[in-house]
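Visitor: Take a look at the following structure, please.
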Amino acid sequence: MGQIQFSEGVKKNYGYKCCFPDCEMDDPKFLIGSHIARWVDNSEKRGNVSNGLCLCVLHDKAFENGYFALDNEYCVMPSQKPEIQNSKIFKEYILPCGGKKINCSKILPDKDSLKEHRGRCRF
3 MGQIQFSEGV KKNYGYKCCF PDCEMDDPKF LIGSHIARWV DNSEKRGNVS
53 NGLCLCVLHD KAFENGYFAL DNEYCVMPSQ KPEIQNSKIF KEYILPCGGK
103 KINCSKILPD KDSLKEHRGR CRF
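Residues in the sequence shown are numbered consecutively from 3, following our numbering.
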């Protein structure tokens, strides 16, 4: 499955809404079908919808840069890194949702992919 098909499948799986807790973004122009285990790092899961999260552009960038990860119960784990914790974005848009569960979909995020993301981002 190519990137465009993957992204569309992930967005459809989440009903075209950002899955981050308390985020109400539902404008398709601001939603991304984000890989959990990166495309380049895990060829086996590239096109698998369970390796994706539908996130708005802000939460996608925060996830990719390790501002948060998800535990195996799909709850937000805010970063413990001081250089991230000092960020205004982190304080206002990530930290308040620490411990909250994402808005899950029919196809749940793959737990091995979540573990891979936590390892890459040093959680």
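No residue lacks a Cβ here, since even glycine has one placed at the ideal position from N, Cα and C.
Roughly how many angstroms lie between the CA atoms of W41 and D73, to the nearest whole one?
Guide: Here residue 41 corresponds to residue number 39 of the sequence shown, with the count starting at 1. Here residue 73 corresponds to residue number 71 of the sequence shown, with the count starting at 1. About 20 Å.
Visitor: Which of the three DSSP states is assigned to L97 in this structure?
Guide: Translated into positions along the sequence shown, residue 97 becomes position 95. Looking at L97 - three-state DSSP - the assignment turns out to be helix.
Visitor: Checking the sheet assignment: what are the DSSP bridge partners for M79?
Guide: As a first step, residue 79 is located in the sequence shown; it is residue number 77 there, counting from the start. Answer by DSSP bridge pairing, in chain order: A71.
Visitor: With DSSP collapsed to three states, give me the class of G54.
Guide: To locate residue 54, count along the sequence shown from 1; it is residue 52. Three-state result, G54: strand.
Visitor: Going by DSSP, which residues form a beta bridge with L116?
Guide: Within the sequence shown, numbered from 1, the residue matching residue 116 stands at position 114. The partner list for L116 (beta bridge, DSSP) is empty, contrary to what the question assumes.
Visitor: Grab me the residues of V51's own chain with a C-beta within less than 8 Å of its C-beta, minus the 5 sequence neighbours each way, in chain order.
Guide: Here residue 51 is taken as the residue at index 49 of the sequence shown, counted from 1. Hits under 8 Å: F8, G11, V12, N15, I109.
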